[in-house]
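The letter at position 246 of the sequence shown is residue 245 when you use numbering that gives the first Met the number 0, and the numbering goes up by one with no holes.
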Amino acid sequence: MQLHKSQLTLNLFWLVVGIVIGIVLTSCIRPQQPSSASRNSVSPLALALAQQPVVSAMPTQIITVAATEKVTVSATYAGMPVGFTQDGYPYRGSPTAPLTLNEYSDFQCPFCERYFSQTETTLNEKYVRTGQVRVIFHDFPLEQIHPNALVAHIAARCVGEQSALLFWKMHDQLFQTQAEWSALPDAKVYFTQLAAHVGADRSRYNRCIATGNKGALVEQSIGEGTKAGLGGTPSFQLMRGASGDAFPLIGAQPFERFASAIDSLAAGKMPSSDQPASAVAPAKLPAWAIDA
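So this is what it looks like as structure tokens:
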């Protein structure tokens, strides 16, 4: 009997380890920053270790963007209705969709790009264009490890000021060209050219950038995500409008993982929370994990 309990404990331990590994290999994790006082009292080695990313637990609060709020569709992009929520968040998909997927993302995060290139297209095809899911995009740039991310999100918001259609065009272009601008010492000029490329009026875009208003909007989104307990990107919460049930999905999980959660919630069931490491495709280590 004692052996049986020990085996159960061991199995539980490896399950937890698998979930943690799955999150690390599919997410950009926000590093913890030591306080100014502690910086003066620790060795350089300890300080370097303190700045390494840590794995965040599942969000403890639910992101409450109403799944049933009334919104106006302003355009169609790639066969999907697009617009902005009452709180100003860009969305794609039918406003009357029974399920809402809240996405917190970072344009410079390689795992967000992987989700965009490997999962999002199929998700759009099967669930968004068919009216089953509406996706709401939230800014969550991790500026501590992605120095161009905040500027990228502000650029996308300034383009979006002109139309929801242009926002989603800029959204796609930022991910598709991520490798070109991520390492630039100053990506502002690149983003200005990208905005013009997707069809934004350059003068209006420049005025928006100069005002700095969109920076406050992005910071507000970051604050909401942080308050909800998010520690990395991409992070998702799938909500069922009729009941308010919500389910978290952390990291660039494969399409099958999203499909399983969506199908379960659509059927009135809560999805399984297990995210075994075996379901996660191998990925390159992020820059902070590679020795110079």
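Ideal Cβ placement from N, Cα and C applies to all residues, glycine included. Quick caveat, the model's predicted, so the values are computed rather than measured.
Around the C-beta of residue i, are 16 or more other C-beta atoms found within 10 angstroms, so that it is buried, or is it exposed?
i      : result
ASN147 : buried
LYS213 : buried
ASP185 : exposed
HIS137 : buried
ASP105 : buried
VAL188 : exposed
SER220 : buried
ARG133 : buried
ALA182 : exposed
ALA96  : buried
THR129 : exposed
ARG201 : exposed
SER37  : Confidence at SER37 is low in this model, with a pLDDT of 34, below 50, so the placement of that residue should be treated as unreliable; the coordinate-derived value is given next. So SER37 ends up on the exposed side.
ASN10  : Per-residue confidence for ASN10 stands at a pLDDT of 49, beneath the threshold of 50, marking its modelled position as unreliable; no derived number is given.
THR120 : exposed
GLU179 : exposed
GLU112 : buried
Could you check where the alpha helix (DSSP H) with residue i kicks off and where it finishes?
i      : result
ARG133 : Taken as a continuous stretch (DSSP letters only), ARG133 belongs to no alpha helix (DSSP H), being part of the beta strand (DSSP E) at 132-138.
ARG203 : 201-210
MET79  : From DSSP, MET79 is part of no alpha helix (DSSP H) but of the beta strand (DSSP E) over 79-83.
PRO109 : 109-114
TYR126 : From DSSP, TYR126 is part of no alpha helix (DSSP H); its letter is neither H nor E.
TYR189 : 187-196
GLU296 : Because the chain in this structure spans residues 0 to 291, residue 296 falls outside the shown range and cannot be described.
Looking at the unbroken beta strand (DSSP E) that takes in residue i, where does it start and where does it end?
i      : result
ARG239 : 234-239
GLU102 : 98-104
ILE261 : No beta strand (DSSP E) holds ILE261; the alpha helix (DSSP H) holding it covers 254-265.
ARG156 : First-last for ARG156: 148-159, but that is the alpha helix (DSSP H), not the beta strand (DSSP E).
PRO270 : Per DSSP, PRO270 belongs to no beta strand (DSSP E) and is neither H nor E.
For my contact list, residue i and residue j are in at a C-beta cut-off of 8 Å; report their separation, rounded to the angstrom.
i      : j      : result
PRO100 : LEU264 : Note that residue 100 is Leu in the sequence shown, not Pro. Actually they are not in contact, since the Cβ atoms of LEU100 and LEU264 sit about 10 Å apart, beyond 8 Å.
PRO89  : PHE190 : Not confirmed; about 17 Å, so no contact.
ALA199 : LEU173 : Wrong, their Cβ atoms sit about 13 Å apart, outside the cutoff.
GLY230 : ILE28  : 6 Å
TYR126 : SER234 : The pair is not a contact, with the Cβ atoms about 18 Å apart (cut-off 8 Å).
TYR76  : ARG91  : 7 Å
GLN107 : GLN177 : 7 Å
PRO253 : GLN236 : At roughly 18 Å, the Cβ-Cβ gap does not stay under 8 Å, so PRO253 and GLN236 are not in contact.
GLY240 : ALA163 : Rounded, the Cβ-Cβ distance is 21 Å, inconsistent with contact.
Mind checking who residue i pairs with in its DSSP beta bridge?
i      : result
LEU248 : PHE235
TYR90  : GLY82 and ILE135
THR75  : PRO80
ILE28  : GLY231
Excluding sequence positions up to five away, which residues of its chain have a Cβ less than 6 Å from the Cβ of residue i?
i      : result
GLU160 : CYS207
HIS140 : Checking the sequence shown, residue 140 turns out to be Pro, not His. Correct list, in chain order: ASP105, ALA148, LEU149 and HIS152.
VAL64  : The predicted model places VAL64 with a pLDDT of 48, which falls under 50 and marks its position as unreliable, so this point remains unresolved.
Only counting the same chain, and skipping five residues up and downstream in sequence, which positions put a Cβ closer than 8 Å to that of residue i?
i      : result
GLN60  : Unreliable positioning characterises GLN60 in this predicted model, as indicated by a pLDDT of 42, which lies under 50. The coordinate reading is nonetheless provided below. LYS226, ALA227 and GLY228.
GLU142 : ALA148 and LEU149
Might you give, ordered along the chain, the residues of its own chain that have their beta carbon closer than 7 Å to the beta carbon of residue i, omitting 5 neighbours on each side?
i      : result
VAL158 : LEU165, PHE166, MET169, ALA194, VAL197, ALA199 and TYR204
PRO270 : PHE246, SER259, ALA260, SER263 and LEU264
GLY78  : ARG128
VAL15  : Because VAL15 sits at a pLDDT of 41, beneath the cut-off of 50, its placement in the model cannot be relied upon, and the following sentence gives the value as read from the coordinates. Result list for VAL15: empty, nothing under 7 Å.
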